[in-house]
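Below is one structure; the comments refer to it alone.
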DNA sequence: TTTCTGATTGACTAATCGCTCTATGAATAT
DNA sequence: ATATTCATAGAGCGATTAGTCAATCAGAAA
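Protein chains in written order, with our numbering: chain A, 1 to 194; chain B, 195 to 388.
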């Protein structure tokens, strides 16, 4: 068949349909037929529909984390690290809108309960460490690192929603991404110079 | 029957179940039985399940807006207005966790498409005007008002998620709400003094 | 070739769910 | 008292869906 092997093709099709019709609004039969495989093949690779949903979530998260690990390298000062994390997260989100939307859709669904807590924490461990260390080095405000991270992540979500709702030119988009990063940075940076 | 009349009882039960099991994970029969009414009664008040979902959403939004209209009165300077909007939004969210969670769940579901765009905009019109006017008066940074509003709203969402994930004492909670409001304010306020 | 293993199919099923419908009850108006 | 209207019940129907299963196919191993 095509270049994608079948499990990947099934996941890609499921993503498209889940975003358009929701989890329960998308029958497995439709996923199978649109992916060009039979109903039985889908259940050969994924024991249940729930397992398919969770597999899709973890696959997307891994893809995002791998992308960030490649792009957002560790060079530069603290602000530069955060800038890279911010801008590359948004770059990935805008290039993979369905996937980024799906992450949030998943987070506000009962399926989230199917993923162990430790798995969830592990997925953001590197970023959490970044916030933890920067705060310990007094580069960030003396607030809980989890709170600082949560606020920064939600800045990304908010900007993503804004950018996908409007139609903005590519340059304006970059401009606004830069602007909002500066806002976010002044928000979390420690104003005292130690 | 109980003090709540039946449509309200049905909506309250649906909210609880939707948050726990998702829209499609909750059959109308279960809503009816847990609400103490028959299946037919449910469909007497709500023509379809979709209509029930949308009604629940608009009812919650109206309740929130009415609460804010009462509490966040218009006295005080600009910063005070925003502080009231911020803290009372969070107060309501923490007192009505299911309802606040449901709003986000609804926003990331295909049911959102069933609500006309103008209806959605109307629900946040007053807040949008607040941002618009404050920016026009050069009290806020010269960015699109919609963007400023989106970012501020997402600060509330992020803090809500943080506070509901942790177990924090009531005083610490108030402290953190104040802290995060100050962060948000320094983020959106215009640093130039005209 | 023969055998074995995993991939693939699609018809089938058992269960569920949204919604309808008829019958009855209760309340108010005439 | 009668009529009218709305509320309520709950059995039941038609449609849909997740998941199964027996049969076939393809390729590798022996």
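In this text, a Cβ means the ideal position worked out from N, Cα and C, and glycines have one as well. Keep in mind that this is a model prediction, so the values were computed, not measured.
Contacts with chain B (Cβ-Cβ distance below 7 Å) from the stretch 66 to 86 of chain A involve no residue at all.
Going by DSSP, residue 218 of chain B is part of no alpha helix (DSSP H) at all; its letter is neither H nor E. Scanning B:331, B:354, B:325 for the CA closest to the CA of residue 342 of chain B turns up B:325. Contact between residue 103 of chain A and residue 156 of chain A is absent: CB atoms are separated by about 11 Å, not below the 8 Å threshold.
Of all residues in the stretch 210 to 227 of chain B, only 214, 215, 216, 217, 218, 219 place a beta-carbon less than 8 Å from a beta-carbon of chain A. Interface criterion not met: the Cβ of residue 251 of chain B is under 8 Å from no Cβ in chain A. With its beta carbon at least 8 Å from every one in chain B, residue 43 of chain A lies outside the interface.
In this structure the stretch 355 to 363 of chain B does not touch the stretch 330 to 344 of chain B; the number of beta carbon pairs closer than 8 Å is below three.
Inclusion of residue 179 of chain A and residue 337 of chain B in the CB contact set at 8 Å is warranted, their separation being smaller than that value. For residue 252 of chain B, the enclosing alpha helix (DSSP H) starts and ends at 243 to 265.
The Cβ atoms of residue 225 of chain B and residue 207 of chain B sit closer than 8 Å to each other.
In this structure, the beta-carbon distance from residue 380 of chain B to residue 187 of chain A falls below 8 Å. Residue 69 of chain A and residue 127 of chain A have their C-alpha atoms some 10 Å from each other.
For the pair residue 25 of chain A and residue 238 of chain B, the CB atoms are not nearer than the 8 Å cut-off.
At a cut-off of 8 Å, the C-beta of residue 143 of chain A has a neighbouring C-beta in chain B.
DSSP places residue 126 of chain A inside the alpha helix (DSSP H), whose first and last residues are 125 to 136.
When B:312, B:285, B:306 are compared, the shortest CA-CA separation from residue 245 of chain B is found for B:306. Taking a Cβ-Cβ threshold of 8 Å, the residues of chain A close to residue 304 of chain B are 20, 21, 22, 25, in chain order. For residue 158 of chain A, the enclosing alpha helix (DSSP H) has its first and last residue at 145 to 165. For residue 282 of chain B, the closest Cβ of chain A is not nearer than 8 Å. Per the coordinates, the alpha-carbon of residue 227 of chain B lies some 7 Å from the alpha-carbon of residue 233 of chain B.
Counting only the Cα atoms, residue 315 of chain B lies some 20 Å from residue 266 of chain B.
In the structure shown, residue 309 of chain B falls within a coil segment according to DSSP collapsed to helix, strand and coil.
Across the structure, residue 168 of chain A and residue 209 of chain B are spaced so that their CA atoms are roughly 37 Å apart.
Listed along the chain, the chain A residues whose CB falls inside 9 Å of the CB of residue 368 of chain B amount to none; the nearest CB is some 14 Å away. Within the DSSP bridge table, the entry for residue 383 of chain B names B:334 as partners. Residue environment: residue 269 of chain B is assigned as exposed (fewer than 16 neighbouring CB atoms within 10 Å of its CB, all protein chains considered). Residue A:49 holds the alpha-carbon nearest to the alpha-carbon of residue 18 of chain A among A:92, A:49, A:82. The three-state secondary structure of residue 96 of chain A, taken from DSSP, is coil. Between residue 55 of chain A and residue 11 of chain A, the C-beta spacing is below 8 Å. With fewer than 16 other Cβ atoms from the protein chains shown falling within 10 Å of its own Cβ, residue 172 of chain A counts as exposed. Residue 275 of chain B has its alpha-carbon roughly 39 Å from the corresponding atom of residue 229 of chain B.
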